Amino acid sequence: MPPTTTPVPGPRTNPTCNCWTRECNFCRDTRCAVKYDVTSAQTGITVNSILNRKDFNQINLYNGDGKQIGFFKWNLKAMFLEGCIFCRSPRMNNILKGGENEWNFSLVDSQVVISVGGQERFRRKLVRGCAKHYQDVQYFSFQRMSCSNFFTIGEDMELGEKVNQTCDGQCEV
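Right, here's the structure in full:
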């Protein structure tokens, strides 16, 4: 009798719901965000999306009161952490230009860390005012990203009511 195998479930994913809609009060409604302690979570936010030199991927960051305190956005040309970092993106030879890439944004211990395909590509320690400003990131949302992009739902993440497989009707199943 052949051995039986039980399929191992992969990580749960969800589309990167665009919060820049009237229904989400243009990214001010936490029902369109994910509750997650970004500043102490070791795994960060893992996204699969298309990276290029023109369009930015954007993650909005909110404090414990649900107030937007900034954003992180990047493409193959530049990256920004609002008010703190503006620099060229590191060269990444293994990036699929025009193709889907897995990347991770982490903000633990006041350090911005970007990994692509599981390899760390950028690390910057936030200092003084920047470290203080981003010390309490408790929610995140995505802006101006399409339904074809998705993020990995971590164990400690609580999805807002409008963050679901259809992005509250924005995306087809």
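Oh and the sequence shown: position 160 is 160 in this note's numbering, straight run, nothing missing. All C-beta atoms, glycine included, are put in the ideal place defined by N, C-alpha and C. Keep in mind the model is a prediction, meaning the values are calculated, not measured.
Residue i - DSSP class collapsed to helix/strand/coil
i, result
"A78", "strand"
"K162", "coil"
"G70", "strand"
"K35", "strand"
"R12", "coil"
"R144", "coil"
"R128", "helix"
"V108", "helix"
"T152", "strand"
"T30", "helix"
Whole-angstrom distance between residue j and residue i, CA atom to CA atom
i, j, result
"Q143", "K35", "16 Å"
"V241", "N18", "Nothing about residue 241 can be reported from this structure: the residues present for the chain run from 1 to 173 only."
"P11", "N164", "15 Å"
"V38", "S146", "22 Å"
"T46", "F140", "12 Å"
"N48", "F151", "6 Å"
"F122", "A131", "17 Å"
"F86", "F71", "12 Å"
"K77", "S40", "28 Å"
Chain-order list of residues whose beta-carbon lies under 6 Å from that of residue i (same chain, five-residue window excluded)
i, result
"K73", "F56, Q58 and F80"
"M175", "This structure leaves residue 175 out entirely; the chain is present only between 1 and 173."
7 Å Cβ cutoff met for residue i and residue j
i, j, result
"L159", "V137", "no"
"N149", "T43", "no"
"Q135", "K125", "no"
"G83", "E102", "no"
"N25", "R53", "no"
"I69", "N63", "yes"
Cβ distance (whole Å) where residue i is taken to contact residue j below 8 Å
i, j, result
"E100", "I50", "6 Å"
"R22", "E161", "Wrong, their Cβ atoms sit about 16 Å apart, outside the cutoff."
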